[in-house]
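Student: The structure is given below, and queries will be raised subsequently.
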Amino acid sequence: MSEREIISVTVQRGGPEAPQYPQVFEVPAFESQTVLDVVSWIQQNADPTLTYRFACRVGMCGSCAMMVNGVPRWTCRTHVNKVLKGGKIEIGPLRNLPVIKDLAADMDPFFDKWVAAEGRHHPTLSRDDAIAEIDPEQPARVEASLGIECINCSICYSACDTVAGDSDYLGPAALQRAWTLYNDGKDADKDAILDAVSGKGGCHSCHSMGSCTAYCPNGLDPLSAIAGLKRATTQRFFRGRAK
Amino acid sequence: MTPFHLYMAQRLSALVMAPFVLVHLGVMIYAIQGGLTAAEILGRTQGSAFWFLFYGMFVVAVSIHAALGLRVILSEWAGLRGTALNALSCAIGFGLLVLGARAVWAVTAGGVS
Ligand code: SF4
Ligand code: SF4
Ligand code: FES
């Protein structure tokens with residue numbers, strides 16, 4: 002059997018408690034190997050202190066996102082041979098978020114902004130009412146359905162240069178969530194949503210450059226969702242608030 | 280002024296500017312084709328309420344639009360926040376307004392500069 006090829010992997014180590022530095026590992030190549038497999042191999046065979054995060058390994062949970070060669074990616078669904086450059090890969094923690102340690106980024110700002118964008122349900126009915134029927138073909142529902150496959154991976158948030166320049170900016174995922182709820186027939190407080198996305202760091206800060214849409218691993222389109230919010234807030238400005 | 284109002288002010292000033300830019304460019308090309316001298320041009324613009332309003336509104340829209348655009352750059356690239364950001368953006372807008380108003384006055388009023 003021929004010797005395995007070796008991949009040279011540069012991993013960003015450290016965090017707030019130790020200065021950050023790049024560390025190079027030699028990792029044997031396997032067939033159909035993902036970037037997450039490479040990170041796991043390092044943790045299991047070379048350095049058990051390497052910190053990283055994952056759960057489902059099938060692109061469902063959104064916890065394994067990292068910077069791979071400077072680009073945010075879901076590592077469990079990224080094949081090494083797609084990103085290998087001259088036998089090398091660079092892996093780092095997600096951009097635009099504080100680092101906890103090594104490859105684990107602190108997701109708190111990302112999720113806090115979901116709440117700040119009013120990304121929560123405002124019920125129209127109580128548990129005592131009958132369940133309202135929703136027509137899946139209805140245009141607003143079709144629009145809402147476009148955003149529901151978000152796995153909260155924060156890849157769009159890391160890709161967004163407006164987040165990098167403005168720490169108050171709510172970011173693509175939270176705003177897309179707000180737009181989804183705005184179009185949801187079972188959400189009762191559209192005005193609260195539009196208010197939440199009209200303040201400091203709201204949807205009007207977006208520069209529409211579309212890195213979010215370009216990098217979302219699930220093929221979602223936060224750019225268009227944010228454009229929808231801009232339209233809705235502008236229409237409300239001219240037409241007045243609902244009732 | 281909320282961020283939303285600033286956004287609306289920038290979009291609306293852009294809406295106002297768009298036809299002005301086209302007319303302005305058209306007039307420039309026309310004036311050059313005909314070989315008009317500066318004196319001939321001034322002869323047509325001075326005392327004209329139309330050109331005073333045209334370029335007056337143009338200057339107001341430009342001042343608002345440019346100041347708001349630079350405000351975002353100052354915030355995202357230079358990290359300015361709060362009062363410093365607002366004061367500098369207002370100063371830029373006001374400066375553009377003064378410069379533009381002087382030019383409009385010189386071209387459409389009696390030639391005072
Ligand atoms: S389109 Fe907007 S949200 Fe998306 S990356 Fe650009 S600035 Fe960020
Ligand atoms: S919109 Fe896409 S990139 Fe952003 S958090 Fe959701 S799944 Fe991830
Ligand atoms: S580990 Fe769950 S999405 Fe990658």
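Quick mapping for you: the protein sequence lines, in order, are chains R and S.
Just so you know, we're using my numbering here: the first sequence kicks off at 2 and counts up by one.
Just so you know, we're using my numbering here: the second sequence kicks off at 280 and counts up by one.
We put the CB at the ideal spot given by N, CA and C, even for glycine.
This one's a predicted model, so the numbers in the text were calculated from it and none came from an experiment.
1) So with Cβ pairs under 8 Å, would you call E319/S a contact of chain R?
2) What would DSSP say about R14/R, mapped onto helix, strand or coil?
3) Inspect the beta-carbon positions of L95/R and P73/R and report whether they are closer than 8 Å.
4) Is there a Cβ from chain R that is less than 8 Å from the Cβ of S354/S?
5) Name the residues in the region 31-59 of chain R whose C-beta lies less than 9 Å from a C-beta of chain C; which are they?
6) Determine whether the beta carbon atoms of S9/R and K114/R lie at a separation below 8 Å.
7) Could you check whether the Cβ of F112/R sits closer than 7 Å to any heavy atom belonging to ligand 3?
8) Could you check the C-alpha separation between K231/R and A363/S for me, to the nearest Å?
9) So the candidates are T234/R, R240/R, G241/R; which of them puts its Cα closest to the Cα of F283/S?
10) Name, please, each residue of chain R whose Cβ falls closer than 8 Å to the Cβ of M287/S.
11) What in chain S is Cβ-close to G200/R, meaning under 7 Å?
12) Could one say the Cβ of G203/R lies closer than 8 Å to chain S's Cβ atoms, at least one of them?
13) List the residues of chain S whose Cβ lies closer than 9 Å to the Cβ of S64/R, in chain order.
14) I'd like the ranges of any alpha helix (DSSP H) spanning at least 4 consecutive residues and lying wholly in the region 17-101 of chain R.
15) Count the C-beta pairs between the region 122-133 of chain R and the region 158-168 of chain R that are closer than 8 Å, then say yes if the count reaches three, no if not.
16) Using a Cβ-Cβ cut-off of less than 8 Å, list which residues of the region 148-176 of chain R approach chain S; keep chain order.
17) Between the beta-carbon of I149/R and the beta-carbon of G63/R, is there less than 8 Å?
18) Which stretch, first to last residue, makes up the alpha helix (DSSP H) that contains G305/S?
19) Where does I132/R fall in DSSP's three states?
20) Does the beta-carbon of M307/S have 16 or more other beta-carbons within 10 angstroms, so that it is buried, or is it exposed?
21) Whose C-alpha, out of I156/R, R78/R, A226/R, is nearest the C-alpha of L147/R?
Tutor: Here's the rundown:
1) It does not: the Cβ of E319/S has no partner Cβ on chain R nearer than 8 Å.
2) R14/R: strand per DSSP, three-state reduction.
3) yes
4) yes
5) Looking at the structure shown, chain C is missing, and the protein chains on hand are R and S.
6) Taking 8 Å as the Cβ cut-off, S9/R and K114/R do not qualify as a contacting pair.
7) Flag unset: Cβ of F112/R not near ligand 3.
8) Spanning the two alpha carbons is a distance of roughly 27 Å.
9) T234/R
10) Within 8 Å Cβ-Cβ: T235, F238.
11) T281, P282
12) yes
13) Within 9 Å Cβ-Cβ: nothing; S64/R doesn't reach chain S, min ~29 Å.
14) Taking 4 residues as the shortest admissible run, the region 17-101 of chain R contains the following complete alpha helix (DSSP H) segments, listed from N- to C-terminal end: 36-42, 81-84.
15) no
16) T163, G166, D167
17) no
18) 282-312
19) Coil at I132/R, not helix or strand.
20) exposed
21) A226/R
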